[in-house]
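A.B. asks: Residue numbers (the numbering used here), protein chains in the order written: chain A, 1 to 351; chain B, 1 to 169.
Heads up, the beta-carbon is just placed ideally off N, CA and C, and yes, glycines get one too.
Before I ask anything, let me first share the structure, which is written out below as C-alpha cells.
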C-alpha cells in the first residue's frame, strides 16, 4: 500500500498537487454554499439537523444516564453534610408556604368568580412533557441543548422550556424523538418580558453572555437591580407570568438580567404546551368570535396586553419571528387595540 | 500474500480510525457533563482532530472526510451551517500546504504550530459568526475557546497517538 502510493506520488506529483488544490477550492466553495443554504433554506437545514439529532439522541441518552448517576452521587454526598441545616430551613419555608397556599386558593376562587362576571376567555390548559437534556450547549457562539423528546411525545416548535427555577428557553427545532431548545442566552433568543412590579414591558435579548440584556424598555422606565422579570405574554409564544430572572446590573452596558435557571445543572426540562393560539393549532378565529360575543370586556390592566388575539393570517410559522420585537410589536399593539382581552395574572385582579 | 475479505475489512476498519475516532469524540463532546462554566468553552475538538491527523497521517484523512467531519459537527451543534466545515478545511489547508514544516518534528514544535493554526481558525470562527449574525460579536467566547483548545491539544494528541500505535502500527 505504502509502496504503491509512493510510486504514484513520484510519477504524478504535479498532477496530484493540482488535483489537491482543485479539490480544496471545490470543497471550500461547497462550504460557502452550505453557509448560504443555511441562511436561505432553513427548513431543509432544520430537517437535516433534526434527522441527525434523532439518530444520535438514543445513543446520547444511553450514555448520559451513567454520567448523571456519577454526578448525582457526588452531589448527594455533598448534600449529606448540609442535610440538617437544610431540613430546618425547609420546615420554616413550608410553614410560610402553607400560609401562601391559603392566600392562593382564596385568590383563585376570587379570580374564577371575577372571570365569570367578565365572560373572560378561559386560559388554555397546559400540558407538560418532561425530557432529559441529552446534548449540551452548542459551541462558543450557539447556546442550545438537545432534549430527548420530540413530535412523538407531542412537542412542537414554540413550546416553552422550563427548568425548576424558571424559563430556560423555547423549542426551536423538533425531530421525531428529539428537539433543540434555544436557550435564553443565545444570540437569536428574544423573549417579550415585563418587569414584575412596575409592569414596564421589554424584550429579553440573548447575546451569548451569561446575562441577557433587557431591551426596548420605555424611555421613562426606572429599573433597578433585584427586580424580578417575568414573561409578558406578547406575541403569543409564552403565557404571561413565567419567572425569567432578576435584574442584575443597570449601567452603561444596558440592563442585564440574571436568569433564574442554573445553566450548569440543566438535567431535565419541562416542555410546556400552553395551547397559545399565537403559534399553535387552536383556531384563532374561534377565539376572536368568543371575544366579540363577550362584548369587549373592560381592560383591567392596560399595561398587560394579550396573547391570543393575533388574526389568523398572521400566525407565524417561526416562533422566532413572533418573539422578535421589531416585527411583532406593531401588530401586537394594533391587535390589542382591536380586541382587548385582559389576561391579568391573579394578583393584579385583586386590590 | 493472499488477501481475504476479512483481511481487507480489517484493513479498511483500521484505516478509518482517524475519521471514526474523530466522529465518536465529537459525539461524546455533546454529553452534558455539568461542569460549571465548561460548556461554552468546550475545546474545538474537530479542529484538534483534523490538525493531528493531517500532520501525522494525511493519507488516511482525505479532504472529503475533513468536509464530512465539519458538516457532522455543524449539524450536531446547531451552529451556523458551513462554519465548522470552513474551519476544518482551513486547518487542513494550512497543514497540507506547509507539509515540510511538520515532517518529523518534535511534539513541542507541532504544538507550537497548532497554537498558530488554532489562532487562525478561532479568528475565522469569530469572523464568520459575526458575518452570519451581521453584527460584531463579543470575541471573548472565541478567545476562551482558543485557550481551552490549545490547552486540550496535548491530551488529545496523546490519546490519538495511543490509538495510532495500537491500530495503525
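1) I need the straight-line Cα distance from residue 192 of chain A to residue 207 of chain A, nearest angstrom please.
2) Since residue 165 of chain B is in the alpha helix (DSSP H), which residue starts that stretch and which ends it?
3) In angstroms with no decimal places, state the Cα-to-Cα distance between residue 145 of chain B and residue 234 of chain A.
4) Under the assumption that residue 18 of chain B contacts residue 57 of chain B (Cβ atoms under 8 Å), give the Cβ distance between them as a whole number of angstroms.
5) Helix or strand or just coil, what does DSSP make of residue 111 of chain A?
6) Would you call residue 273 of chain A buried or exposed, if buried means 16 or more other Cβ atoms sit within 10 Å of its Cβ?
7) Any idea if residue 292 of chain A is buried or exposed, counting beta-carbon neighbours within 10 angstroms, 16 or more meaning buried?
8) Going by Cα to Cα distance, which pick from A:104, A:141, A:67, A:181 is closest to residue 158 of chain A?
9) Within the chosen definition, does the stretch 107-122 of chain A reach the stretch 229-248 of chain A through at least 3 CB pairs nearer than 8 Å?
10) Does any C-beta atom of chain A lie closer than 8 Å to the C-beta of residue 63 of chain B?
11) Going by beta carbon distance, what residues of the same chain come within less than 8 Å of residue 42 of chain B, once the five residues before and after it are set aside?
12) Consult DSSP for residue 65 of chain A and reduce its assignment to one of helix, strand or coil.
13) Tell me the DSSP secondary structure of residue 176 of chain A in three-state form.
14) Please tell me whether residue 154 of chain A and residue 146 of chain A are closer than 8 Å, where the distance is taken between their beta carbons.
15) Can you look up residue 186 of chain A in the DSSP assignment and give me helix, strand or coil?
16) Quickly, what does DSSP pair residue 135 of chain B with across the bridge? List them, please.
17) Under the rule that 16 or more other beta-carbon atoms within 10 Å means buried, what is residue 24 of chain B, buried or exposed?
18) As an exercise, report each continuous alpha helix (DSSP H) stretch of at least 4 residues that is fully enclosed by the stretch 184-222 of chain A, in chain order.
19) Taking the beta strand (DSSP E) that residue 33 of chain A belongs to, which residues open and close that run?
20) If you drop the 5 nearest sequence neighbours on each side, which residues of the same chain put their C-beta closer than 6 Å to that of residue 91 of chain B?
21) Using CA atoms only, rank isn't needed, just tell me which of B:82, B:53, B:83, B:81 is closest to residue 20 of chain B.
22) Assuming residue 258 of chain A is part of the beta strand (DSSP E), what are its boundary residues?
23) Applying the criterion that 16 or more other CB atoms from any shown protein chain within 10 Å of the CB defines a buried residue, is residue 25 of chain A buried or exposed?
24) Put residue 126 of chain A into one of helix, strand or coil per three-state DSSP.
C.D. replies: Working from what's here:
1) Counted from its first residue, the first chain places residue 192 of chain A at position 192. Counted from its first residue, the first chain places residue 207 of chain A at position 207. Distance between the alpha carbons of residue 192 of chain A and residue 207 of chain A is about 15 Å.
2) For this step, residue 165 of chain B is matched to residue 165 along the second chain. Bounds of the alpha helix (DSSP H) holding residue 165 of chain B are 140-167.
3) Along the second chain, one-based indexing puts residue 145 of chain B at 145. Along the first chain, one-based indexing puts residue 234 of chain A at 234. Between residue 145 of chain B and residue 234 of chain A, the C-alpha separation is close to 36 Å.
4) On the second chain, residue 18 of chain B is found 18 positions in, with the first residue counted as 1. On the second chain, residue 57 of chain B is found 57 positions in, with the first residue counted as 1. Contact holds; Cβ gap of about 6 Å.
5) Position 111 of the first chain, counting from 1, holds the residue named residue 111 of chain A. DSSP places residue 111 of chain A in helix when its eight states are reduced to three.
6) One-based indexing of the first chain puts residue 273 of chain A at position 273. With 16 or more Cβ atoms within 10 Å of its Cβ, residue 273 of chain A is classed as buried.
7) Here residue 292 of chain A is taken as the residue at index 292 of the first chain, counted from 1. Bear in mind that a pLDDT of 47 at residue 292 of chain A, under 50, signals an unreliable position, so the number given afterwards is only what the model happens to contain. Label assigned to residue 292 of chain A: exposed.
8) Within the first chain, numbered from 1, the residue matching residue 158 of chain A stands at position 158. Out of A:104, A:141, A:67, A:181, A:181 has the C-alpha closest to the C-alpha of residue 158 of chain A.
9) Using a Cβ-Cβ distance cut-off of 8 Å, the stretch 107-122 of chain A and the stretch 229-248 of chain A are not in contact, since fewer than three pairs of beta carbons, one from each stretch, lie closer than that value.
10) The sequence position of residue 63 of chain B within the second chain is 63, counting from 1. Cβ-Cβ to chain A under 8 Å: yes for residue 63 of chain B.
11) Here residue 42 of chain B refers to the residue found at position 42 of the second chain. Exclusion of the five residues before and after residue 42 of chain B leaves 29, 145, 148 as the residues of its chain whose Cβ lies within less than 8 Å of its Cβ.
12) Your numbering for residue 65 of chain A matches position 65 in the first chain. Three-state result, residue 65 of chain A: helix.
13) Taking the first residue of the first chain as position 1, residue 176 of chain A is located at position 176. If DSSP states are grouped into helix, strand and coil, residue 176 of chain A belongs with coil.
14) Taking the first residue of the first chain as position 1, residue 154 of chain A is located at position 154. Taking the first residue of the first chain as position 1, residue 146 of chain A is located at position 146. No, Cβ-Cβ distance for residue 154 of chain A and residue 146 of chain A is not below 8 Å.
15) Within the first chain, residue 186 of chain A is the residue found at index 186, counting from 1. If DSSP states are grouped into helix, strand and coil, residue 186 of chain A belongs with coil.
16) In the second chain, residue 135 of chain B corresponds to position 135, counting from 1. None, per the DSSP bridge assignment.
17) Position 24 of the second chain, counting from 1, holds the residue named residue 24 of chain B. Burial call: exposed.
18) none
19) Position 33 of the first chain, counted from the start, is the residue given in the question as residue 33 of chain A. Run containing residue 33 of chain A: none in the beta strand (DSSP E); it sits in the alpha helix (DSSP H), 13-40.
20) Stepping through the second chain from its first residue, residue 91 of chain B is reached at position 91. Contacts found: 47, 50, 51, 117, 121.
21) Taking the first residue of the second chain as position 1, residue 20 of chain B is located at position 20. Minimum Cα distance to residue 20 of chain B is reached at B:53.
22) Mapped onto the first chain, residue 258 of chain A falls at position 258. Secondary structure note for residue 258 of chain A: its beta strand (DSSP E) is the uninterrupted segment 254-259.
23) Here residue 25 of chain A refers to the residue found at position 25 when the first chain is read from its first residue. Exposed, since its Cβ has fewer than 16 Cβ neighbours within 10 Å.
24) Stepping through the first chain from its first residue, residue 126 of chain A is reached at position 126. In the structure shown, residue 126 of chain A sits in coil (DSSP, three-state: anything other than H, G, I, E or B).
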